[in-house]
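Student: Shown below is the structure under consideration.
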Amino acid sequence: NPIVVVLLVATFGWALTAIYVAAAFVVSVGAGWLLHTLGFERYVRGTASSRGGCGSSVTDTALQGKYNGLWQEAWSDFVKVSPYLFIGIAIGSVIYGFMPMGLLEQYAGPENALAIPVAAVIGVPLYIRASAVIPLAGALMVKGVGAGTVLALIIGSAGASFTELVLLRSLFTFKLLAAFVAVIFSMAMIAGYATFLFF
18 NPIVVVLLVA
28 TFGWALTAIY
38 VAAAFVVSVG
48 AGWLLHTLGF
58 ERYVRGTASS
68 RGGCGSSVTD
78 TALQGKYNGL
88 WQEAWSDFVK
98 VSPYLFIGIA
108 IGSVIYGFMP
118 MGLLEQYAGP
128 ENALAIPVAA
138 VIGVPLYIRA
148 SAVIPLAGAL
158 MVKGVGAGTV
168 LALIIGSAGA
178 SFTELVLLRS
188 LFTFKLLAAF
198 VAVIFSMAMI
208 AGYATFLFF
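Each residue of the sequence shown is one higher than the last, beginning at 18 in the working numbering.
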């Protein structure tokens, strides 16, 4: 995410940003290859119909037919998902508003390697944009939270959220959704521990 990279450079400098970019690239490519090799395409939910591609011989009428009813279908999908979306936003807001910062600061210092997986776990249910979590993470780091813990929190919260998982559930089966969460956790752990060791 270019916004995350720019904010990371501005907030934490080039070294931490390089660890983030390297972890994102290695985990994304590695996980994509692994999931493809294992045939996880079969866990993507099918579309309503399989239509042919648009060649040069396709007329405007055919294009209109292809997209006819698209807005109604999108609205119908939104109505089905919206209760879960609002529940996820409410839960994320409560967690975000009442997260015990003092407790996190006390147990997530730079010497505590076990704080990294905890931060990754805490990050996923937070419904927070990357542009908001980085200033929050910067404040935590100033107060003494370890850089690896901060990076794991950034990746966990920017990579996935409860509401995003609810929306992805309409596209993915549970196995692919679990694989997606595992990839986010893996990236958070790799970047967090790389930062813990080298930053």
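In this text, a Cβ means the ideal position worked out from N, Cα and C, and glycines have one as well.
Note that this is a predicted model, so its numbers are computed, not measured.
According to DSSP, F189 sits in a beta bridge with which residue or residues?
Tutor: Its beta-bridge partners are V61.
Student: Check each candidate in L168, L25, K192 and name the one with the smallest Cα separation from A132.
Tutor: Per the Cα distances, L168.
Student: For the stretch 150 to 166 and the stretch 190 to 207, state whether three or more C-beta atom pairs, one from each stretch, are separated by less than 8 Å.
Tutor: The stretch 150 to 166 is not in contact with the stretch 190 to 207.
Student: In the DSSP assignment, find the unbroken alpha helix (DSSP H) run with G165 in it and report its ends.
Tutor: That run of the alpha helix (DSSP H) goes 164 to 176.
Student: Measuring alpha carbon to alpha carbon, tell me which of T180, P152, V198, K97 ends up nearest A27.
Tutor: Looking at the Cα atoms, P152 is the closest of the given residues.
Student: Quick one, which of M158, L33, Y210 has its alpha-carbon nearest L137's?
Tutor: It should be pointed out that residue 137 corresponds to Ala in this sequence rather than to Leu. It is Y210 whose Cα lies nearest to the Cα of A137.
Student: Could you round the C-beta distance between V44 and V150 to whole angstroms and report it? I think they count as a contact, below 8 Å.
Tutor: About 18 Å separates the two Cβ atoms, so there is no contact after all.
Student: Is any beta-carbon of chain C found at less than 8 Å from that of W92?
Tutor: This model lacks chain C altogether, as it is built from one protein chain only.
Student: Output the boundary residues of the alpha helix (DSSP H) element that contains A125.
Tutor: Run containing A125: none; DSSP gives neither H nor E here.
Student: Compare the C-alpha of A156 against each of V23, P142, F29, A177 and name the closest.
Tutor: Minimum Cα distance to A156 is reached at F29.
Student: Going by C-alpha to C-alpha distance, which of T212, V21, A32, W31 sits closest to P218?
Tutor: Residue 218 is absent from the structure shown; the chain starts at 18 and stops at 216.
Student: Between S174 and L194, is the Cβ-Cβ spacing less than 8 Å?
Tutor: In this structure, L194 does not lie closer than 8 Å to S174 by Cβ.
Student: List the endpoints of the continuous alpha helix (DSSP H) containing L143.
Tutor: Looking at the DSSP string, L143 is not in any alpha helix (DSSP H), and its letter there is neither H nor E.
Student: Comparing C-alpha positions only, which one of A91, F57, I139 sits nearest to I171?
Tutor: Measuring from the Cα of I171, the nearest candidate turns out to be I139.
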